[in-house]
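Trainee: Going down the list, the protein sequences come from chains A and B. Numbering that gives the first Met the number 0 puts the first residue of the first sequence at 0, with every later residue one more than the last. Numbering that gives the first Met the number 0 puts the first residue of the second sequence at 0, with every later residue one more than the last. Quick reminder that beta carbons are idealized off the backbone N, C-alpha and C, glycines included. Handing you a structure now.
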Amino acid sequence: MDVLIGQLFTGLSLGSILLLAALGLSLTFGQMGVINMAHGEFIMAGCYTTYVVQKVFSSAGVSLMVSLLIGFLVGGLLGAALEMGLIRWMYDRPLDTLLVTFGVGLVLQQLARDIFGAPAKNVLVPEWLGGGITIMGAVVPKTRIFILVLAVVAVTTLATVLKATPLGRRIRAVVQNRGLAETSGVSSRVTDISTFFIGSGLAGVAGVALTLIGSTSPTIGQSYLIDAFLVVVIGGLGQIKGTVIAAFALGLLNSYIEYSTTASIAKVIVFVIIVIFLQVRPQGLFTVRTRSLA
Amino acid sequence: MTTLVQRWRAHSSLTTLGGFAVAAILLFAVAPAMLSDFRLNLLAKFLCFAIVAAGIGLAWGRGGMLTLGQGVFFGIGAYIMAMHLQMADAARLHNDVPEFMEIAGIRELPSFWQPFASGPVALIGILVLPALVAAALGYGVFKRRVKGTYFAILSQALAAALAILLTGQQKIGGFTGLSDFRAFFGFKLSDPTNRQMLFFIAAGTLLVVVALVRQLMRSRYGELLVAVRDQEERVRFLGYDPANVKIVAYVVAAFFAGIAGALFTPIVGIISPADIGVVPSIAFIIGVAIGGRTTLLGPVLGAIGVAWAQTALSEEFPSSWTYLQGVLFIVVVGFIPAGLAGVWPMLKGALDSRFRRTAPTSPAAPALVAASTELPTSTTQEKVKSC
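Here it is, written out as structure tokens:
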């Protein structure tokens, strides 16, 4: 029984990490149908931000909180720059955008390698996040619970922003019908940049969170990116609801299959399940109803 | 797209024969005479990449399917060949299991190795398995009308899954992969003459592959493939099933990649998950994009050129290649979607329209339209503007 509970928390924890990594990706994908392959490198930027911030602050706790804020800004600025510099020129070519942003990712990776060096860097975990809590017989590290809470906070904040603020209204309008939104006086340029800022900022936050559970290397983003993509594919276009369900479903699925087989076989089985799932729902769990024919 | 087809038809078969003759002379006479054994072996490796690229050119350039997972099929071919070579070596030394297994303490040959002990079975596996996997995935994906970025991500995830699977399997070499092959179907690999023979096999395979792709592109099927890429719904309304058209192109591309992988193993002498994962799979794309994805020879020459540039640059400046690769992706895919093959027609088209005032039916138009696979509704002229 406690094994099942233990796997449950492993799955929830993996799910919350996937959720943080995929949330921003799903937002930017939903906005313009553009897949940002540099998203993983934005996550990496968040990791290194934490590393740099910790050099400044002596208290690991303060530095973590400051990192969350600065990580969001760093990721957001990178995303906004990418949108303004490249993606805006190729709205109607999603596949090409995918490759172009992959190129950006390569450059950022090498940049990180040249600045911080190839070996992995470690970040100190604050004392109050050390150790674990025993829940129903299973020991859960506090860092994992923190990440779960962080994911919940990120989702609720994003949902509130999308639902209750003027910016959120504009973002939803552009996602649903770009042309009509523009006719109604919404500047799709400003909205696109804002969306990219928020989405990429979330990648930065995900990066900060990742430093709590592992070390940082230039390729760290890549290892989470594909899983984040799969979450977006399963969840459907730009829907928070779908992303949340998909992230936790994948996390739990992975942890339970991994328990009965091995990590590498679990990956393959999960992939097969995803392809089978797409037979039933080719457009993912939820899709935004739009009036466009695409 | 008629202009493109017409352009193809305009090539007389005499020119094509001439082209093949020149290529054959270059590959079979000039290259062996001019290059050292080491360089020739390197070129043989590039030819393997070119075989993969020819398939990608068909699936992506002609079919609009961005396949980011050709490493999977390359890997299946490569690993089957590696397993066969390992077992052949072991049999010659009268060992029960390949050397690396003995070191790892595995005494019994795992059951999935056994079939590939026989050469013919291994060859059939190389030809059939990649195609089967591609057919299964293609069927699952295209029949349900999953396309565009969703397909790209799925094909990429497949590459990730296979690389992770292989890394975790000690019985197939794990992280380090399989290496130290002594012979290739009875021919000693340490002998330079035999290595030259491998180069000739790779060169011959490439020529056959190019001829096959050319034939496919010129056939009715080739026209249908372009039609599906540009106006999938219309093709459906005409009574064809676009899914079948796409599956064929995807399977053919996988078939070529599998053969290329099988040649790669004895030529390079090592195959590991690092050769077939996500990054190498996407790297296959760059040569195709630079050469010109919609053309016949663009992907082939692009792949060879990029592989050569990578080797030359990495020798001099180890870290610069990653930057250059990134910048190439950004510049070529973003701003010269037709690739190098499209630069001359683009210039020529610009000159033509300036001096002769012809409408944009210039040769640049198809290449540029072809480059943007996702927006079939916009007109040619809009396309030219957006580039």
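1. So with CB distances below 7 Å, who are the chain B contacts of T261 of chain A?
2. Considering only residues of the same chain and omitting the five flanking positions on each side of I268 of chain A, which have a CB-CB separation below 6 Å?
3. Since A202 of chain B and F27 of chain B are thought to touch, with beta carbons under 8 Å apart, how far apart are those beta carbons, to the nearest angstrom?
4. Would you say A151 of chain B lies against chain A (beta-carbon separation less than 8 Å)?
5. Quick one, which of B:A103, B:F45, B:T294, B:I266 has its alpha-carbon nearest M196 of chain B's?
6. With distances taken between CB atoms, is the gap from F255 of chain B to N40 of chain B smaller than 8 Å?
7. Going straight from the alpha carbon of E222 of chain B to that of V231 of chain A, what length do you get?
8. Is there a C-beta anywhere in chain B that falls below 8 Å from the one on R112 of chain A?
9. Indicate whether G104 of chain B and S280 of chain B have their beta-carbon atoms separated by less than 8 Å.
10. Kindly give me the distance between the Cβ atoms of P281 of chain A and R228 of chain B, rounded to whole angstroms, as I take these residues to be in contact under 8 Å.
11. Could you check what DSSP says for I134 of chain A in three-state terms: helix, strand or coil?
12. Under 8 Å, do V332 of chain B and L98 of chain A count as touching if we go by C-beta distance?
13. Any beta-carbon of chain A closer than 8 Å to the one on T148 of chain B?
14. Please work out which residues of its chain come closer than 7 Å, Cβ to Cβ, to K245 of chain B, disregarding the five sequence neighbours upstream and downstream, and give them in chain order.
15. Evaluate I24 of chain B with the Cβ neighbour count: other Cβ atoms within 10 Å of its Cβ, from every protein chain shown; 16 or more gives buried, anything less gives exposed.
16. If you draw a straight line from the C-alpha of T166 of chain B to the C-alpha of D351 of chain B, how long is it?
17. Using the rule of at least 16 other Cβ atoms within 10 Å of the residue's Cβ for burial, across every protein chain shown, is Q113 of chain B buried or exposed?
18. Could you tell me the alpha carbon to alpha carbon distance between T261 of chain A and T215 of chain A, rounded to whole angstroms?
19. At a Cβ cut of 7 Å, what residues of the segment 265-290 of chain A count as close to chain B, listed as they run along the chain?
20. Nearest to D226 of chain A by alpha carbon, out of A:L252, A:G203, A:Q238?
21. Excluding the 5 residues flanking W59 of chain B on each side, which residues of the same chain have their C-beta closer than 7 Å to its C-beta?
22. Going along chain A in order, which residues have a C-beta closer than 7 Å to the C-beta of A160 of chain B?
23. Can you list, in chain order, the residues of its chain with a C-beta nearer than 7 Å to that of C47 of chain B? Leave out the 5 residues immediately preceding and following it.
24. Please name the residue in B:S154, B:L108, B:S313 whose C-alpha comes closest to that of F72 of chain B.
25. Measure from the alpha carbon of P93 of chain A to the alpha carbon of each residue in A:G130, A:S183, A:A111, A:N35, then state which is nearest.
26. For T100 of chain A, which three-state DSSP category applies?
27. Determine the extent of the alpha helix (DSSP H) in which W433 of chain B is found, giving its start and end residues.
28. Quick one, are the C-beta atoms of L206 of chain B and A22 of chain B less than 8 Å apart?
Mentor: Taking the geometry as given:
1. Within 7 Å Cβ-Cβ: G167.
2. So the qualifying residues of the chain are I256.
3. The Cβ separation is near 6 Å, so the contact holds.
4. Chain A, which has a Cβ nearer than 8 Å to the Cβ of A151 of chain B, makes this yes.
5. The shortest Cα separation from M196 of chain B among B:A103, B:F45, B:T294, B:I266 belongs to B:I266.
6. Taking 8 Å as the Cβ cut-off, F255 of chain B and N40 of chain B do not qualify as a contacting pair.
7. Each residue's CA atom was taken as its position, placing E222 of chain B and V231 of chain A some 34 Å apart.
8. At least one chain B Cβ lies under 8 Å of R112 of chain A.
9. At least 8 Å separates the beta-carbon of G104 of chain B from that of S280 of chain B.
10. Cβ-Cβ separation between P281 of chain A and R228 of chain B: approximately 19 Å, too far for a contact (criterion under 8 Å).
11. I134 of chain A: strand per DSSP, three-state reduction.
12. Yes. Within cutoff.
13. For T148 of chain B, the answer is yes, since a Cβ of chain A falls inside 8 Å of its Cβ.
14. Within the same chain, K245 of chain B has close Cβ partners G62, M64, G137, F141, V227.
15. Exposed, by the Cβ-count rule.
16. Taking the straight line joining both Cα atoms gives about 55 Å.
17. Classification for Q113 of chain B: exposed.
18. Roughly 24 Å separates the two Cα atoms.
19. The residues in question are K266, V267, F270, V274, L277, Q278, P281.
20. When only C-alpha atoms are compared, the closest one is A:L252.
21. Excluding sequence neighbours, W59 of chain B sits near L65, T66, V287, R292.
22. Result: K266, V267, F270.
23. Here the set comprises A201, A259, L262, F263, I266.
24. Checking every option, the nearest Cα to that of F72 of chain B belongs to B:S154.
25. Nearest C-alpha to P93 of chain A: A:N35.
26. It is helical.
27. Absent from the model: residue 433 of chain B. The displayed extent of chain B is 0 to 386, so no value can be given.
28. Cβ distance < 8 Å, so L206 of chain B and A22 of chain B count as in contact.
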